[in-house]
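**Q**
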Amino acid sequence: MVSLRNSSDSPVPTIYILTATHYRLVQFAELTRMCQTLLHIKNVHWVVIEDAAAPSARLENFLNRCGVSFTLLATKTPSEQVLPPGQPRWRYARGVVQRNRGLQWLRENFKLGQNEGVVYMADDDNTYSLRLFDEIRTTKRASTWPVAFVGRLIWEGCVTKPGHPDIIYRMQTIFKPWREFPIDMAGFAVNLQLILSHPDAKFVADPKLYGMLETDFLKKLGLRNFTDLEPKADGCKRILVWHTQTKDPDIVALDNMKTGFQPTMLPGEFFEMTIPPAIMVIYSQLNPCGT
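See the structure below:
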């Protein structure tokens, strides 16, 4: 499903935002924040890949109302890669097959040497400064910048050589510091032509590559290590993206309570989902968010 509303007539390169998303209570809270950020960006196309066998009507309706040029895709995570309850998240990185589906879409729709653009893997639970996208747009091959709240640090990422804001000489990290690219998924962008020139480059869901997802992918694009990356954000001196995560709400299971509380169904568009009976609440006088 594609909406090709042009956000600008400017000849500047388009930024292709690849966002993997999955069903959860806070899904549309996250996507609403991201939609309202992207509405301020010129020449951006949002490729949303849902973890499902087919795109859902609720997500399609949301994106149609959002106002950002978009493509909605879907591919379901294989059952063997779905973590059982209580298992550590490191066993399988989330969003792998969805990002690969987004890369496939780019290769199916654009040709090497003919289309300009920059690709950014933007998770739906991060917070993005508008300035970040101005920085991303000038990426020649692959670029990077610091990301806040990653790897148990206040920030993780590139550090430039004193007096040389265009040269990265080390990376601020404590997690597997020997990685060729010790950066978060939110901390790099790649020129569309580089992706098209490496048609087999994709992400791999393998527990042996725990923490190496970004490094493995960037090496497949022919990059050697972090010194090959273009430093952004004023020579890696500014934080323009935060690895935030919306806390799951503490929902009372009303059907297990002895109470006179009478649940009332909200309009479906309020949450962009069908509300299970156990979490229906009396908000019938509230207006839908309108996004």
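Residue numbers for the sequence shown follow the numbering used here, so the first one is 32 and each next one is one higher. Note that CB positions come from ideal geometry on N, CA and C, so glycine has one too.
(1) Using only CA atoms, which one of HIS229, GLY253, GLY194 and GLY98 lies nearest to VAL75?
(2) Inspect the CB distances between the stretch 178 to 185 and the stretch 197 to 214 and report whether three or more fall short of 8 angstroms.
(3) Considering just the uninterrupted stretch of the beta strand (DSSP E) at THR275, what are its terminal residues?
(4) So, under 8 angstroms CB-CB, TYR47 and LEU137 are touching, yes? Tell me the CB distance rounded to an integer number of Å.
(5) In whole angstroms, what is the alpha-carbon distance linking TYR314 and GLY148?
(6) At what residues does the alpha helix (DSSP H) containing ASP165 begin and finish?
(7) Mind checking TRP77: buried by the 16 CB within 10 Å criterion, or exposed?
(8) If you draw a straight line from the alpha carbon of VAL128 to that of THR106, how long is it in whole angstroms?
(9) Does THR258 pass the burial test, meaning 16 or more other C-beta atoms within 10 Å, or should it be called exposed?
(10) Quick check: what's the CA-CA separation for VAL43 versus ARG168?
(11) Taking VAL113 as the reference, give the member of GLY126, ASP281 and ILE282 with the closest Cα.
(12) Between the beta-carbon of PHE219 and the beta-carbon of ALA173, is there less than 8 angstroms?
(13) Between which two residues does the alpha helix (DSSP H) holding ASP265 run?
(14) Helix, strand or coil for ALA60? Go by DSSP, reduced to three states.
(15) Would you say GLY8 and LEU49 are within 8 angstroms of each other, going by their C-beta atoms?
(16) Any chance the stretch 187 to 195 sits against the stretch 224 to 231, with 3 or more Cβ pairs inside 8 angstroms?
**A** Taking the definition as stated:
(1) Ranking HIS229, GLY253, GLY194 and GLY98 by Cα distance to VAL75 puts GLY98 first.
(2) With a cut-off of 8 angstroms, the stretch 197 to 214 and the stretch 178 to 185 count as touching, because enough Cβ pairs lie within range.
(3) Where THR275 is concerned, there is no enclosing beta strand (DSSP E), given that its DSSP letter is neither H nor E.
(4) That belief holds up - the Cβ atoms of TYR47 and LEU137 are roughly 6 angstroms apart, short of 8 angstroms.
(5) Because TYR314 carries a pLDDT of 32, less than 50, the predicted location of this residue cannot be relied on, and the following value inherits that uncertainty. A straight line joining the alpha-carbon of TYR314 with that of GLY148 spans about 44 angstroms.
(6) Looking at the DSSP string, the run of the alpha helix (DSSP H) that includes ASP165 is 161 to 167.
(7) By the neighbour-count rule (16 or more Cβ atoms within 10 Å), TRP77 is buried.
(8) In this model, VAL128 and THR106 are separated by some 7 angstroms (Cα to Cα).
(9) Label assigned to THR258: exposed.
(10) One alpha carbon belongs to VAL43, the other to ARG168, and they sit about 8 angstroms apart.
(11) Of GLY126, ASP281 and ILE282, the residue nearest in Cα terms is GLY126.
(12) Remark: C-beta atoms of PHE219 and ALA173 approach each other more closely than 8 angstroms.
(13) 264 to 267 is the span of the alpha helix (DSSP H), which, as asked, contains ASP265.
(14) Looking at ALA60 - three-state DSSP - the assignment turns out to be helix.
(15) Residue 8 is absent from the structure shown; the chain starts at 32 and stops at 322.
(16) Counting Cβ pairs under 8 angstroms, fewer than three are found: no touch.
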